Amino acid sequence: MGHWEDFWWDTTRELKELGLQEEFNKELKKMDTKHKHRYKDTRTRWEHAFGKVLKKYIKKNGSTN
Numbered sequence: 038m039g040h041w042e043d044f045w046w047d048t049t050r051e052l053k054e055l056g057l058q059e060e061f062n063k064e065l066k067k068m069d070t071k072h073k074h075r076y077k078d079t080r081t082r083w084e085h086a087f088g089k090v091l092k093k094y095i096k097k098n099g100s101t102n
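Counting in the working numbering, the sequence shown runs from 38 upward without gaps.
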């Protein structure tokens with residue numbers, strides 16, 4: 038697998054393991070309404086949304102482990 042496929046696999050796996058899939062989907066949907074995210078590619082949008090929900094998770098729980 039190339040690095041692109043690894044990104045999708047790893048992100049999806051981590052979202053499921055941490056139970057963040059619903060928050061991630063909400064964040065992506067919210068990004069649809071923001072002008073600054075309108076022309077970003079899918080990978081960039083996923084990276085942004087994942088980073089945002091992961092940051093909230095870590096702040097709330099202290100760690101990803």
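Built from N, CA and C at the ideal position, the CB exists for glycine as well. Note that the structure is predicted; figures quoted are calculated from it, not measured.
Assuming leucine 52 contacts tyrosine 94 under a Cβ cut-off of 8 Å, what Cβ separation, rounded to an integer in Å, is found between them? The residue given as residue 52 occupies position 15 in the sequence shown. The residue given as residue 94 occupies position 57 in the sequence shown. Not a contact, Cβ separation roughly 10 Å.
Below 9 Å between beta carbons: does that hold for leucine 57 and leucine 91? Mapped onto the sequence shown, residue 57 falls at position 20. Mapped onto the sequence shown, residue 91 falls at position 54. Cβ atoms of leucine 57 and leucine 91: closer than 9 Å.
Would you report the Cα separation of arginine 26 and glutamate 42, rounded to the nearest angstrom? Lying outside 38 to 102, the shown extent of the chain, residue 26 is not represented and no answer is given.
Starting from histidine 40, follow the alpha helix (DSSP H) in both directions and report where the run begins and ends. For the purposes of this step, residue 40 is taken as residue 3 along the sequence shown, with counting starting at 1. Element bounds for histidine 40: 40 to 55.
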